[in-house]
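Written out below as structure tokens is the structure these notes cover.
Residue numbers (my numbering): 1 to 436.
Structure follows, in structure tokens:
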């Protein structure tokens, strides 16, 4: 970096530091002012029926409410019906559009809703294409045999794995493995010298060439059963592809040419810590079996006569899948997709390890380039309910927020399920009417 550019960077840093210092001093002055007012004035709100005074906390009624703790004052008995409705709606507006305060026992849940929506969208972007492509391959392209049955059994077993196991895997593999590699590249102990590393790359290239050649020799003619030689070539090709993939991963993990994208920020990690991206990928792995199973069931429900009619008209296999099979299976695919989104939106255990936090100072999406910051931690509805119910310093005061946030999460999941039912009904109506 040349001297003029370095000087500009330092000037911007000094200006930002001066601005933060000024804001810090103003905040301290405001806190001292509030403390003086609290010491000079005492506010007691007494309930007329039972004579109970409003305490500093619901669990500590013996300490009077401080003046600085009063957020609003409403004369409820002096309001008209329209005024009472206005107060009720204003509280809902505050709850849905403001951020939390006072250890999350007051304020709103806008960052919580925003984080939940961002997480659901990201995991859908990852899960839906992978799940649909995997189901298409298993149902339409893969030869039905032992290997295909084994893959289906593995997918069904993955659907029954406890969600906390996915969280531990995401923390170890994504956060500490992939994230640390993105930040700093391969570690000094794992990084190879250049000559041995190029030998690994060359071996991987040889294996790829071998796999391609053997796959060509294993290809059988249409209408004929594969010979023993073709079966052997197919096994050799599969083994060569697996070995090439392993060497490719080894070359990536030991490369001496990549030193990380955020090495200058170390030892403070950027991607090597729990965040939105790793949480979305972890939940994508959790919900992927749901999408694969539902998509495969939807594809198997398409009548074989529709495929045969398309083939009889001269369409290729891909044209048949794109024009006939996928539109007919769209109701089931969309249903499985939305149900997977609903499950991902309600999961909590994995998120406690891979990104959800009690209070996020910044949103994952803002006006600062690059606008989307997937490395940031986020707030989530399910984790927020857990925090309010079990980690709140004033559990009695947090009870209304616990029930309201629970109702909100149930409403989100219910809305996603209703959307799945509605979309499935409309797609079936379009299919029966022949409007695809």
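Virtual Cβ for every residue (Gly too), placed ideally from N, Cα, C. Note that the structure is predicted; figures quoted are calculated from it, not measured.
For residue i, count neighbouring C-beta atoms within 10 Å of its own C-beta (all shown protein chains included) and say buried if the count is 16 or more, exposed if not.
i           : result
residue 21  : exposed
residue 294 : buried
residue 377 : buried
residue 205 : exposed
residue 162 : exposed
residue 139 : buried
residue 146 : exposed
residue 269 : buried
residue 129 : exposed
residue 403 : exposed
Which class does residue i belong to by DSSP, given the choice of helix, strand or coil?
i           : result
residue 425 : helix
residue 258 : coil
residue 327 : helix
residue 100 : strand
residue 106 : strand
residue 436 : With a pLDDT of 48 at residue 436, under the threshold of 50, the modelled position of this residue cannot be trusted, and the question is left open.
residue 388 : helix
residue 414 : helix
residue 363 : coil
residue 379 : coil
residue 79  : coil
residue 370 : coil
residue 189 : coil
For residue i, I'd like the list of residues in its chain whose CB is within less than 7 angstroms of its CB, leaving aside the five on either flank, ordered along the chain.
i           : result
residue 101 : 107
residue 114 : 363
residue 436 : Confidence in residue 436 is poor, its pLDDT being 48 and thus under 50, which makes the residue's placement too unreliable to answer from.
residue 142 : 148
residue 311 : 320
Rounded to the nearest angstrom, how far is the Cβ of residue i from that of residue j, given a contact under 8 angstroms?
i           : j           : result
residue 385 : residue 365 : Between residue 365 and residue 385 the Cβ distance is about 23 angstroms, and since that is not below 8 angstroms, they are no contact.
residue 240 : residue 282 : That belief does not hold up - the Cβ atoms of residue 240 and residue 282 are roughly 32 angstroms apart, past 8 angstroms.
residue 383 : residue 351 : 6 angstroms
residue 126 : residue 284 : 4 angstroms
Counting along the chain, where does the alpha helix (DSSP H) carrying residue i start and finish?
i           : result
residue 306 : 304-312
residue 181 : 179-184
residue 375 : Element bounds for residue 375: n/a, residue is neither H nor E.
residue 271 : Neither: residue 271 is in no alpha helix (DSSP H) and is coded neither H nor E.
residue 32  : 3-40
residue 357 : No alpha helix (DSSP H) contains residue 357, which DSSP labels as neither H nor E.
residue 233 : 228-253
residue 66  : Element bounds for residue 66: n/a, residue is neither H nor E.
residue 214 : 194-218
residue 160 : Taken as a continuous stretch (DSSP letters only), residue 160 belongs to no alpha helix (DSSP H), as it is neither H nor E.
residue 224 : Element bounds for residue 224: n/a, residue is neither H nor E.
residue 289 : 276-300
residue 144 : Segment: none, residue 144 is in no alpha helix (DSSP H) and carries neither H nor E.
Give me, in chain order, the residues of the same chain whose beta-carbon lies closer than 8 angstroms to that of residue i; leave out the 5 immediate sequence neighbours on both sides.
i           : result
residue 390 : none
residue 98  : 107, 108, 110
residue 256 : 186, 191, 192, 193, 194, 197
residue 263 : 183, 184, 185
Which residues in the same chain as residue i place their Cβ atom closer than 6 angstroms to its Cβ, once the five residues preceding and following it in sequence are excluded?
i           : result
residue 155 : 289, 292
residue 37  : 67
residue 220 : 226, 230
residue 274 : 175, 354, 355
residue 406 : 385
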